[in-house]
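Order-wise, the sequence lines are chains C and P. Just so we're aligned, residue 174 is where the first sequence starts under our numbering, counting upward by one. Just so we're aligned, residue 174 is where the second sequence starts under our numbering, counting upward by one. Input: a single structure, listed below in C-alpha cells.
2 protein chains.
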Amino acid sequence: MKLSTRGQYGTRALLELALHQGQGPVLLRDIAQRQQISLHYLEHLISPLIAGGIVRSTRGARGGVSLARAPEEIRLSEVVRLLEGSIAPVKCVDNPEACNRSELCVTRDIWGELKQAIDGVLESTTLKDLVERQRRKEQPKEAMYYI
Amino acid sequence: MKLSTRGQYGTRALLELALHQGQGPVLLRDIAQRQQISLHYLEHLISPLIAGGIVRSTRGARGGVSLARAPEEIRLSEVVRLLEGSIAPVKCVDNPEACNRSELCVTRDIWGELKQAIDGVLESTTLKDLVERQRRKEQPKEAMYYI
DNA sequence: GACTTTGTTGACTAATCTAGTCAACAAAGG
DNA sequence: CCTTTGTTGACTAGATTAGTCAACAAAGTC
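In C-alpha cells, the structure reads:
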C-alpha cells in the first residue's frame with residue numbers, strides 16, 4: 174500500500190504552486206530546489222499534470238509553471254489519479270473481468286471498501302486545504318494570540 | 174496505492190482456512206487449487222503468517238495448516254502488516270527521520286490521515302466478517318426468505 | 001534576427017521489487 | 001523405512017521505480 178515518489182513529489186510540487194498562486198509562473202528549477210526533487214525527474218511529473226488540466230506552462234524567459242485552476246478546485250484524488258493511475262488497491266475492484274472469481278469474492282468487496290476509504294480522504298482534500306494547513310504551521314505564535 | 178499479490182493471496186488463503194475452521198488441517202495444495210494460487214508461491218506466504226502467530230502448521234501425512242486463533246480475532250490489518258509490511262503510504266509517516274522536512278510538511282499530515290483511513294477499514298474487519306459475508310453471498314435465496 | 005531562457009519529449013539505465021520456480025531438507029504418520 | 005506434507009533458501013525473468021541525458025520547441029530579450 175505504498176504511494177510512489179510520483180504521487181509524493183507531484184503533490185509537493187503542486188503545493189508549491191498553490192503557495193505562489195497569483196504571483197506568475199514558478200520555475201521548475203525553483204520547485205525542484207525548494208521541494209528537494211530532481212529537476213529532470215520533476216519534468217516528467219509535470220507533463221501528466223499539464224495533460225490533466227491541473228497545471229499550465231509558459232515557455233521561454235520568465236516562463237515556468239502555474240496552476241491552471243483555483244487551488245480549492247484541485248483535489249488530491251485527481252492528482253494521485255493522474256500520477257499513479259487508479260487508486261484501487263487491486264485491479265479487480267475497477268474491472269471485474271480481471272479475475273474470474275470477482276462475483277463471489279468477498280476479499281474483493283473489502284478491497285472495494287478500502288478504495289472508498291482512501292478516496293474519501295483524497296477527494297475531500299484540495300490544494301487550498303494544504304495551503305491553509307501550511308500557513309497555520311508556519312505561523313504558530315500569531316495563531317495562538319487570536320485563540 | 175496497490176496491494177501486492179502477497180496481501181491478496183494471503184487474505185484469500187486465510188479466508189479458506191477460516192471457512193474450514195475446526196475441520197482439521199487444510200492442505201496447502203488444496204488452498205492453492207481452490208484459490209488459484211501457485212503452490213510454491215503460497216508456501217512462502219504462509220511462512221510469515223506462522224511466524225506472526227496467525228497460522229499453525231502440522232507436518233507429515235494428514236498434515237496441513239489451520240488458524241492459530243479464532244477467526245474473529247484475526248484482523249486484516251494484522252494480515253496485511255505481516256505480508257506487506259507497514260500500511261503507511263509513505264515512509265515518513267512511520268518514521269519522521271526518513272525525511273528532514275517531516276515536521277513542517279503538510280503532505281505528510283495528509284498521508285498520515287490516509288493511513289488512518291486505511292487502517293480503519295482493515296482494523297475493523299476480521300476473518301469472521303469475511304466468512305459471514307461469504308456465506309451470505311453463497312446462500313442468497315435462503316436469506317431472502319427471512320427478510 | 002540571433003541568443004538566451006525555459007519547458008517538452010523520448011531514449012536510456014541501474015537498482016529494486018514482484019511473482020514466481022526449484023531443490024534440498026525436516027518432521028510426522030503409517 | 002517410506003510416504004506425506006510443510007520449511008527454507010537459492011535462484012530468476014520480467015516489471016517497475018527513480019532517475020539521467022540529450023535533442024528539441026517555443027517564447028522573450030537585445
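Beta carbons are placed, not taken as given, at the ideal position from N, Cα and C, and that holds for glycine.
For the alpha helix (DSSP H) that residue i lies in, which residues bound it at each end?
i, result
"residue 183 (chain P)", "178-192"
"residue 220 (chain P)", "212-224"
"residue 238 (chain P)", "Here residue 238 (chain P) belongs to no alpha helix (DSSP H); instead the beta strand (DSSP E) covers 237-240."
"residue 156 (chain P)", "One cannot answer for residue 156 (chain P) here, as it falls past the ends of chain P, which runs 174 to 320."
"residue 285 (chain C)", "279-296"
"residue 309 (chain C)", "300-311"
"residue 272 (chain P)", "First-last for residue 272 (chain P): undefined, no H or E at that position."
If you draw a straight line from the alpha carbon of residue i to that of residue j, how long is it in whole angstroms?
i, j, result
"residue 254 (chain C)", "residue 240 (chain P)", "38 Å"
"residue 279 (chain P)", "residue 265 (chain C)", "32 Å"
"residue 309 (chain P)", "residue 281 (chain C)", "15 Å"
"residue 201 (chain C)", "residue 238 (chain C)", "7 Å"
"residue 260 (chain C)", "residue 288 (chain P)", "14 Å"
"residue 242 (chain C)", "residue 230 (chain C)", "12 Å"
"residue 298 (chain C)", "residue 248 (chain C)", "6 Å"
"residue 257 (chain P)", "residue 294 (chain P)", "16 Å"
"residue 206 (chain C)", "residue 212 (chain C)", "8 Å"
"residue 311 (chain P)", "residue 193 (chain P)", "15 Å"
"residue 284 (chain P)", "residue 252 (chain P)", "21 Å"
"residue 177 (chain P)", "residue 292 (chain C)", "19 Å"
"residue 179 (chain C)", "residue 218 (chain C)", "7 Å"
"residue 208 (chain P)", "residue 303 (chain C)", "43 Å"
"residue 227 (chain C)", "residue 181 (chain P)", "34 Å"
"residue 174 (chain P)", "residue 175 (chain C)", "5 Å"
"residue 286 (chain C)", "residue 286 (chain P)", "16 Å"
"residue 225 (chain C)", "residue 225 (chain P)", "44 Å"
"residue 223 (chain P)", "residue 223 (chain C)", "48 Å"
In chain order, what residues of the same chain have a beta carbon less than 6 Å from the beta carbon of residue i, not counting five sequence neighbours either side?
i, result
"residue 301 (chain C)", "244 and 245"
"residue 236 (chain P)", "198"
"residue 269 (chain C)", "275"
"residue 305 (chain C)", "none"
Let's see if you can read the secondary structure: which residues bound the beta strand (DSSP E) around residue i?
i, result
"residue 229 (chain C)", "228-231"
So who's on the other strand from residue i, going by DSSP bridges?
i, result
"residue 175 (chain P)", "C:175"
"residue 248 (chain P)", "P:299"
So, at 8 Å on beta carbons, what are the nonlocal neighbours of residue i in its own chain, with the 5 sequence-adjacent residues on each side left out?
i, result
"residue 204 (chain P)", "186, 189, 190, 210, 215 and 238"
"residue 272 (chain P)", "264, 265, 278 and 281"
"residue 321 (chain P)", "Only positions 174 to 320 of chain P appear in this structure, which leaves residue 321 (chain P) out of reach."
Under the rule that 16 or more other beta-carbon atoms within 10 Å means buried, what is residue i, buried or exposed?
i, result
"residue 183 (chain P)", "buried"
"residue 195 (chain C)", "exposed"
"residue 233 (chain C)", "exposed"
"residue 313 (chain P)", "exposed"
Give me, in chain order, the residues of the same chain whose beta-carbon lies closer than 7 Å to that of residue i; leave out the 5 immediate sequence neighbours on both sides.
i, result
"residue 296 (chain P)", "248 and 250"
"residue 221 (chain C)", "255 and 256"
"residue 267 (chain C)", "259 and 261"
"residue 290 (chain P)", "none"
Do residue i and the ligand ATP come close, with the Cβ less than 6 Å from some heavy atom?
i, result
"residue 218 (chain C)", "Absent from the structure shown: the ligand ATP. Ligands present: none."
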